[in-house]
Amino acid sequence: MRSHLLNDTTAESYRRSVTEGVERVARKLATTRGPFTGVTPAELAPAVDAVDLDRPLGDASAALDELEDVYLRDAVYFHHPRYLAHLNCPVVIPALLGEAVLSAVNSSLDTWDQSAGGTLIERKLIDWTTGRIGLGPLADGVFTSGGTQSNLQALLLAREETGTTDLTKLRIFSSECSHFSVQKSAQLLGLGRDAVVSVPVDRNKRMQSVVLAAELEACRAEGLLPMAIVATAGTTDFGSIDPLPEIANLAAEYGAWMHVDAAYGCGLLASRTRRHLLDGIERADSVTVDYHKSFFQPVSSSAVLVRDGATLRHATYHADYLNPRRTLAEKIPNQVDKSLQTTRRFDALKLWMTLRVMGADGIGELFDEVCDLAREGFELLAADPRYDVVVEPQLSTLVYRYVPETATSPEDVDRANLHARKALFASGEAVVAGTKVDGRQYLKFTLLNPETTAADIAAVLDLIAGHAEQYLGENLVHA
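Residues are numbered in our numbering as their position in the sequence shown, beginning at 1, plus a constant of 5.
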């Protein structure tokens, strides 16, 4: 069994195995004709259930053959131009090169004596990102598993910075379109979901700062403490960006921690034409960025950044076997001192390789392309009488609803849109997402693939309309 360990004696075996795996994936990518096969859980489950994990195949090629049947053949391929559903991006090749290196070397980024240069590379990327944001000379941060963890850590710091032990008095303010992780974080931090005040949005799905001001004043009048305001720079459903300058003013006035969830909109940091959409983010106390969304990185690649690095002490614990207190005096850079995680992958290497090969402008150009595409898609939807589109996009998301020409009940229209999404997924021709707006069923394009064209969008809209019309026609006949 030692022949399977990666070391100096098995380097050639490692090269052959990984090369074969890469070649198979490359062939799959080159021959994939749709984003999905349409396989159902009931159809795929027997193949997985039939695998006896206690009887190894003993051969990498055989295992890859089996993997074709249980995974590769029916995977959802985000690189395909008609995958238009969630915040999943196609990934850039330099990042995949970084992924291959970091997996093999397997550094753990918790302490210097497990990572060495990996620690310095991560810190350099944190400094680069805080510089792009404009957080100032005291800024710091750490890579995380994703936006949910980043938001949790930011709100943990905000809670601790209040200095209060009476958690019942703390309140968090976020828009009604903010990410669910805000409520989840409040629950995990012992505040309860009721501690989150949901602020209404305007017609463009941006937090109403006037209402926020009124809620903050009411909070103060009731003797409660405004712990944090969470502004969203790229909501999951609409890609909307809250009015950051106005929110920053209110946070300063009421002494609240300002957190900006830019998990989606962080790609604007690399844009040469749209960076101004994030004006005001430089005044935040903390910021969430997901490089695995709009920086075209493989999952996971995320970070939480803070204006004052000293606040990261609220996540610091010392263990004699890992990061004893003496290492502080010795100026040994242990990233675990800043992180909620202990063992942690060297995910920063993917972004490092991307920047060293493509540069920030290269990333920004890709994100600008999908934002431009969203504008084209909006114009198509606005001109198409079959569809109602909710808002003009700020980023690359479009929310819309099929509306039949002949009058029918809103409930039937809901069911037709839901059916169209499911039927499209089952066909494997395209994948779109769904959400609800004012209680009604809508569909959603999240455009993160620069290879997607306006023609792709038009074709998918025709497919959706066809499925919805078929559904309504059959229901009418049955009725």
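Where is the CB? At the ideal position from N, CA and C, for every residue including glycine.
The shortest CA-to-CA distance from L249 to any of L283, C271, Y269 and E258 is the one to L283. Bounds of the beta strand (DSSP E) holding M232 are L230 to T237. Look at the beta carbons and you see the stretch 40 to 60 touching the stretch 77 to 92: at least three pairs across the two are nearer than 8 Å. Secondary structure remark: continuous alpha helix (DSSP H) runs of at least 4 residues inside the stretch 17 to 64, in chain order: 46 to 54. By the Cβ-count criterion, E25 is exposed, with fewer than 16 other Cβ atoms from all chains shown falling within 10 Å of its own Cβ.
By the neighbour-count criterion, in which 16 or more other beta carbons inside 10 Å mark a residue as buried, F300 falls on the buried side. Linking A425 to D290 through their CA atoms gives a straight-line distance of about 43 Å. In the structure shown, Q399 adopts coil according to DSSP, grouped into three states. Here I286 is buried: its Cβ has 16 or more other Cβ atoms, across all protein chains shown, within 10 Å. Exclusion of the five residues before and after N93 leaves F83 as the residues of its chain whose Cβ lies within less than 6 Å of its Cβ. Looking at the DSSP output, H264 sits in a beta bridge with V235 and S291. Note: F450 is bridge-paired with L403 in the DSSP secondary-structure output.
Along the stretch 171 to 213, the alpha helix (DSSP H) occurs as fully enclosed runs of 4 or more residues at 186 to 193, listed in sequence order. The alpha-carbon separation between L229 and R176 amounts to approximately 7 Å.
Between the alpha carbons of G433 and G471 lies a gap of roughly 15 Å.
In the displayed model, S414 falls within coil according to three-state DSSP, outside both helix and strand.
Pairing S307 with T411 gives a Cβ-Cβ distance that is not under 8 Å. Scanning L423, A16 and K441 for the CA closest to the CA of I469 turns up L423. For F148, the uninterrupted beta strand (DSSP E) run begins and ends at D145 to T149, by DSSP. For V110, the enclosing alpha helix (DSSP H) covers residues I98 to V110.
Between the stretch 264 to 278 and the stretch 224 to 238 there are three or more C-beta pairs closer than 8 Å, enough to call the two in contact. Contact between the stretch 143 to 161 and the stretch 359 to 366 is absent: fewer than three C-beta pairs spanning the two stretches fall below 8 Å. Annotation for A388: the continuous alpha helix (DSSP H) segment containing it runs A365 to A388. The beta carbons of R391 and L448 sit no closer together than 8 Å. Among the bridge pairs identified by DSSP, K441 is matched with Q446.
Of all alpha-carbon atoms in A223, N209 and R211, the one lying nearest the alpha-carbon of V202 is that of A223. With a beta-carbon spacing of about 7 Å, N454 and Y88 fall inside the 8 Å limit used to define contacts. Rounded to whole angstroms, the Cβ separation of L327 and D115 is 7 Å, and the two are in contact under 8 Å. When DSSP states are grouped into helix, strand and coil, A308 belongs to the strand group. Here A365 is near A275, since their CB atoms are less than 8 Å apart.
In the three-state reduction of the DSSP assignment, L10 falls in the coil class, being assigned neither a helical nor a strand state.
Less than 8 Å divides the Cβ of V311 from the Cβ of A144. Between L107 and the set V147, A90 and I126, the nearest pair of CA atoms involves I126.
For V394, the enclosing beta strand (DSSP E) begins and ends at Y392 to V394. Only buried fits L157, as 16 or more other CB atoms lie within 10 angstroms of its CB.
If you look at R137, you'll find it in the alpha helix (DSSP H) that goes G122 to I138.
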